[in-house]
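Let me begin by presenting the structure, written as structure tokens, before commenting on it.
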Amino acid sequence: MNSSKVLRELKGKRLLGYALGNFGISMLNIFSGSFVFQFYVYTINLDSVLASVGLSFNVFFSATFSIIFGVIIDNKKPGKFGKRRPFLLYALPFWIISSIIIWFPPYAPENNSLFLPTAFFFWIVTAIRALSGTLIFNTYLSMLPEQSQTLKNRHSVASLRALFMIIASVISLFLPLLVQSFLPDPKHAKHFDPSGQIILNIIPLIGIILTGFGLAAVLIVFFSVDESFHQHNSNSKKEKATLRETFKRMAQPAKDHKYRNLVFTSFFINMSGSVFGFLIFPFQTHLLEFQQAEFLLYVAISLFGKLSWYVVWRFVIKRKPLVKAYSLSLIFAAIVSITDLLFLLSNLPYGFKILLYVVSFSTILGTSYSIPLFGIPLGASLIHEAAVKKNTSDIDETISNISGSYYGFSTFISSLGAAFFQIIIGLMLTGANQSNPIIITLLFASQGIFYLIAVSFLRRIKLAKPVEIDTTTPRIEVP
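Once you know that position 306 of the sequence shown is 303 in this note's numbering, the rest is easy, because the numbers rise by one and skip nothing.
Listed below in structure tokens is the structure:
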């Protein structure tokens, strides 16, 4: 390890620019991720099985390519625009175009929700969007270990990214909920219904506007990140790996038991996240039977819950070890998720339902959107540890060669959690079950189980002290 170099940190405009990337990318992804299933199943009239299978296959497909992309990015020889930055531009046109046309599908006829032209259109467009989005986000994430090399600075990056993601989520979910509040009959919003016509007129416009924010975010990241340090690295060489060597490189993070436990933690958290993302709108429409302005209650809960828990967990993380604080946050979310089983009680007073809804949603949202406070510095620190263990003369070059494959492996495994449970959700919500409050409640409460399993893996991670207190290292300067 070359200890004569000062550790790089993201500060000032570069920190703001990197974090703003998470704002624009998250705003578009959260809007699409939470509403596209609702849009195709409850408005376009596509069967939930075809929708969920298509989404799950594309998640698996993009997760597989996330590993391949990671290795390709790691192997790229730095050029005029850096090593990782160019990949943002390679994927950007495909991501932008697919993010727009996804809101303009052929409609499934009223008497045929298994209409294949709609299904094929959905599968192809989401596949293109998933692959290009994976390349963009994998590039964005893999920059962090190189750009921010102290735990203190990683906490700063994580805090700002988490804050921007909270704001992005409130905006991106406020807009479709505002549309829902305009609907004369939210339970009947197919494209052939009056409520469905309102959705078809407004939602694509929102999609186009948020895509513009996504475009701006990626460009801001491109111009904010400085990769000029690669040009001064005499050890930087392009690796022409064979296919066998490539798969061997992919296996490296899988053999790292600490990082593997973090990835399994993300796997089960993503299973929980897929439940919440798919059921936000059905929960309010068919279980709570919201009408008009009642939908906007979610916006207040979302803003209050996310910001309140963000403050709480930032306070906790300063006073407890990173892994313990992370575990505590997941335990809180698990307990509250399981209490949603109370919705199964018959004749539950409306006031109690609303109170339970407020407590449940604010806690789950607040905790899930605070996860970057823990996951970002923890993942970057584990990659730093892995690079240190290799005992090479240049820690920069080592991190540069492994961070893409590490984040690719993480994306691959954690995405499988979402893909697997999306199929389960689709199967359980097919036909009349789309509006079954019992099915919706059981699925929602299942989040608690996944959070508890995630905690069991998380607690097996022990950070090495040199990495955890690296703020004492002589300082030699991204969601």
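For glycine and all other residues, C-beta sits at the position ideal for the given N, C-alpha and C.
Limits of the alpha helix (DSSP H) - the one that M140 falls within: Per DSSP, M140 belongs to no alpha helix (DSSP H) and is neither H nor E.
Cα-Cα separation between V222 and S63, rounded to whole angstroms: Cα to Cα, the separation comes out at about 21 Å.
Backbone CA spacing between F312 and A322 [nearest angstrom]: 10 Å
For A214, the nearest candidate out of Q431, S23 and T438 (CA to CA): S23
beta-carbon T427 near the ligand FMN non-hydrogen atom, thresh 7 Å: In the structure shown, the ligand FMN is absent, as is every other ligand, since no ligand is present at all.
Cβ distance (whole Å) where T389 is taken to contact S357 below 8 Å: T389 to S357, Cβ: 48 Å. No contact.
C-beta atoms of A377 and I399 nearer than 8 Å: Against a cut-off of 8 Å, the Cβ pair of I399 and A377 comes out as no contact.
Start-to-end residues for the alpha helix (DSSP H) that takes in Q444: Q444 to L455
Simplified DSSP assignment, three categories, for S233: Caution applies to S233, whose pLDDT of 47 falls short of 50 and renders its modelled position unreliable; the value that the coordinates give is listed next. Note: S233 maps to coil in three-state DSSP.
Separation of L138 from L132, as counted between CA atoms: Annotation: L132 to L138 spans about 10 Å, alpha carbon to alpha carbon.
For V272, the first and last residue of its enclosing alpha helix (DSSP H): H254 to P279
Buried/exposed call for N72, threshold 16 Cβ in 10 Å: buried
Contact set for A331: own chain, Cβ-Cβ below 6 Å, skip 5 residues either direction: Correct list, in chain order: G445, Y448 and L449.
Inter-residue CB distance, R151 and P374 (contact presumed, cutoff 8 Å): 4 Å
Stretch pair the segment 72 to 88 + the segment 155 to 172: three plus CB contacts closer than 8 Å: no
Pair within 8 Å by beta-carbon distance, V272 and F418: yes
Cα-Cα separation, K10 to N109: 53 Å
C-alpha gap between F409 and Y347, whole angstroms: 42 Å
Cβ pair S166, S263 closer than 8 Å: no
With 16 other Cβ atoms within 10 Å as the buried cut-off, status of K8: Exposure of K8 is indicated by the presence of fewer than 16 other C-beta atoms within 10 angstroms of its C-beta.
Pairwise C-alpha distance: R81 and L4: Cα to Cα, L4 sits roughly 19 Å from R81.
Where the alpha helix (DSSP H) through K321 begins and ends: L319 to I335
Alpha carbon of L43 to alpha carbon of L424, nearest angstrom: 13 Å
Cβ neighbours of F287 in the same chain (closer than 6 Å, five flanking residues each side left out): Q281
Run of the alpha helix (DSSP H) containing P369, from where it starts to where it stops: I368 to K386
Minimum C-alpha distance to F36 - residue among I196, G130, F134 and L304: I196
Closest Cα partner of S402 within the set M140, A116, F119 and I97: Cα-wise, what sits closest to S402 is M140.
Same chain, Cβ closer than 7 Å to V355, neighbours up to 5 away in sequence not counted: I298
Exposure of K303, with buried meaning 16 or more beta-carbon neighbours within 10 Å: K303 is buried by the Cβ-count criterion.
Beta-carbon proximity of G21 to A116, cut-off 8 Å: no
V308 classed as buried or exposed, judged by whether at least 16 other C-beta atoms fall within 10 angstroms: exposed
C-beta contact flag for L521 and P434 at 8 Å: Residue 521 is absent from the model: the chain starts at -2 and stops at 476.
Alpha carbon of I121 to alpha carbon of S95, nearest angstrom: Each residue's Cα considered, the two are about 9 Å apart.
Endpoints, alpha helix (DSSP H) assigned at F28: G9 to Y39
Exposure of H254, with buried meaning 16 or more beta-carbon neighbours within 10 Å: exposed
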